[in-house]
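Enquirer:
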Amino acid sequence: MATVLSVSGSPSASSRTSRLLRHLDQRLAAQGHDVVPLDVRTIPADALLGADFRHPAIVEATELFARADGVVIGTPVYKASYSGVLKALLDLLPQYALAGKTVLPLATGGSVAHVLAIDYALRPVLTSMGAAHIVQGWFTLDKDLAVQDDGSLAVAPAATEALGQVVDQFSAALGRTPLLAVAG
Numbered sequence: 010m011a012t013v014l015s016v017s018g019s020p021s022a023s024s025r026t027s028r029l030l031r032h033l034d035q036r037l038a039a040q041g042h043d044v045v046p047l048d049v050r051t052i053p054a055d056a057l058l059g060a061d062f063r064h065p066a067i068v069e070a071t072e073l074f075a076r077a078d079g080v081v082i083g084t085p086v087y088k089a090s091y092s093g094v095l096k097a098l099l100d101l102l103p104q105y106a107l108a109g110k111t112v113l114p115l116a117t118g119g120s121v122a123h124v125l126a127i128d129y130a131l132r133p134v135l136t137s138m139g140a141a142h143i144v145q146g147w148f149t150l151d152k153d154l155a156v157q158d159d160g161s162l163a164v165a166p167a168a169t170e171a172l173g174q175v176v177d178q179f180s181a182a183l184g185r186t187p188l189l190a191v192a193g
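And the structure:
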């Protein structure tokens with residue numbers, strides 16, 4: 010089916026956001042998609058913060074975005090916005106890196122006070138980058154994500170149902186997205 014780039018914008022190696030994305034990657038793969046994970050935290054900080062467009066890790070990330078039919082972008086919410094490492098990466102991508110792509114924005118956080126971060130902080134950036142279709146995103150409370158002793162993720166039943174619905178809508182939208190030509 011489609012190639013999906015699954016981007017975790019968490020700076021933490023033990024991130025619930027990253028674990029949630031890898032958990033959802035399994036659902037997308039079971040639906041026949043080729044899922045490519047990208048943890049922004051693995052990109053060298055000097056490349057991100059130094060805006061080194063020619064750094065091999067930045068070049069590779071840019072190519073991953075270019076090859077993807079759809080992009081899942083997950084971020085923890087800090088100070089009512091998406092993470093700084095995600096911003097650093099998005100700033101280094103070409104202006105229309107999401108042109109012709111279907112995008113699923115996801116966020117995690119400790120309080121429902123941050124639920125609008127997807128629509129007020131992340132969605133405008135994704136739109137400005139030319140996303141063809143940004144499907145309904147989802148905010149998951151940290152308390153609904155529990156890391157098990159074996160490192161796997163347990164998701165609360167209500168959150169599992171809601172996440173399943175948004176992932177399935179994203180999956181269905183991948184087949185209907187028109188490719189847009191962007192004037193250079």
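Everything in the sequence shown is counted per this note's numbering, starting at 10 for the first residue and increasing by one.
We put the beta carbon where it would ideally sit given N, CA and C, even for glycine.
Hey, how far is the Cα of P46 from the Cα of E170?
Expert: Mapped onto the sequence shown, residue 46 falls at position 37. Mapped onto the sequence shown, residue 170 falls at position 161. Computed Cα separation, rounded: 22 Å.
Enquirer: Which residue spans inside the segment 28 to 69 form an unbroken beta strand (DSSP E) run of at least 3?
Expert: DSSP runs (the beta strand (DSSP E)) wholly in the segment 28 to 69: 43 to 48.
Enquirer: Report the residue from D78, D128, V156 whose alpha carbon sits nearest the alpha carbon of V86.
Expert: As a working mapping, residue 86 is identified with position 77 in the sequence shown. Per the Cα distances, D128.
Enquirer: Is A171 close to the ligand PLP? I mean its beta-carbon at under 7 Å from any heavy atom of the ligand.
Expert: By its list of ligands, the structure shown contains no ligand whatsoever, and the ligand PLP lies outside what it can speak to.
Enquirer: Can you name the start and end residues of the beta strand (DSSP E) that P114 belongs to?
Expert: For this step, residue 114 is matched to residue 105 along the sequence shown. First-last of the beta strand (DSSP E) with P114: 111 to 118.
Enquirer: Give the secondary structure of S161 by DSSP, where H, G and I count as helix, E and B as strand, and everything else as coil.
Expert: Taking the first residue of the sequence shown as position 1, residue 161 is located at position 152. Here S161 sits in coil by DSSP.
Enquirer: Beta carbon of T71, beta carbon of A116: below 8 Å?
Expert: To locate residue 71, count along the sequence shown from 1; it is residue 62. To locate residue 116, count along the sequence shown from 1; it is residue 107. Contact: no.
Enquirer: For G193, which residues of its own chain have a beta-carbon under 6 Å away from its beta-carbon, when the five flanking residues on both sides are left out?
Expert: The sequence position of residue 193 within the sequence shown is 184, counting from 1. Confidence in G193 is poor, its pLDDT being 40 and thus under 50, which makes the residue's placement too unreliable to answer from.
Enquirer: If we count the other Cβ atoms within 10 Å of its Cβ and call it buried at 16 or more, is V13 buried or exposed?
Expert: Start at 1 with the first residue of the sequence shown, and residue 13 comes out as number 4. Buried, since its Cβ has 16 or more Cβ neighbours within 10 Å.
Enquirer: Does the segment 146 to 164 come close enough to the segment 109 to 126 to have 3 or more Cβ pairs within less than 8 Å?
Expert: A contact exists between the segment 146 to 164 and the segment 109 to 126.
Enquirer: Among residues of its own chain, excluding the 5 on either side of G107, which ones have a beta-carbon nearer than 7 Å to its beta-carbon?
Expert: Counting from one through the sequence shown, the residue named residue 107 turns up at place 98. The sequence given here has Leu at residue 107, not Gly. Closer than 7 Å at the Cβ level, and outside the excluded window around L107, lie V80, L135, M138, G139, A140.
Enquirer: If you compare alpha carbons, which of A126, D61, S27, H123 is closest to P103?
Expert: As a working mapping, residue 103 is identified with position 94 in the sequence shown. It is D61 whose Cα lies nearest to the Cα of P103.
Enquirer: Buried or exposed: G18, going by 16 or more other Cβ atoms within 10 Å of its Cβ?
Expert: The sequence position of residue 18 within the sequence shown is 9, counting from 1. Looking at its Cβ environment, which holds 16 or more other Cβ atoms inside 10 Å, G18 is buried.
Enquirer: Sorted by chain position, which residues of the same chain lie with C-beta nearer than 7 Å to A168's C-beta, five sequence neighbours on each side aside?
Expert: As a first step, residue 168 is located in the sequence shown; it is residue number 159 there, counting from the start. Cβ neighbours of A168 beyond the five flanking positions: T149, D153.
Enquirer: Measure the Cβ-Cβ separation of D91 and A130 and say whether it is below 8 Å.
Expert: Position 82 of the sequence shown, counted from the first residue, corresponds to residue 91. Position 121 of the sequence shown, counted from the first residue, corresponds to residue 130. Here the sequence assigns Tyr to residue 91, which means Asp is not the residue at that position. A contact, by the Cβ cut-off of 8 Å.
Enquirer: Can you tell me where the beta strand (DSSP E) holding L154 begins and where it ends?
Expert: In the sequence shown, residue 154 corresponds to position 145, counting from 1. Residues 154 to 156.
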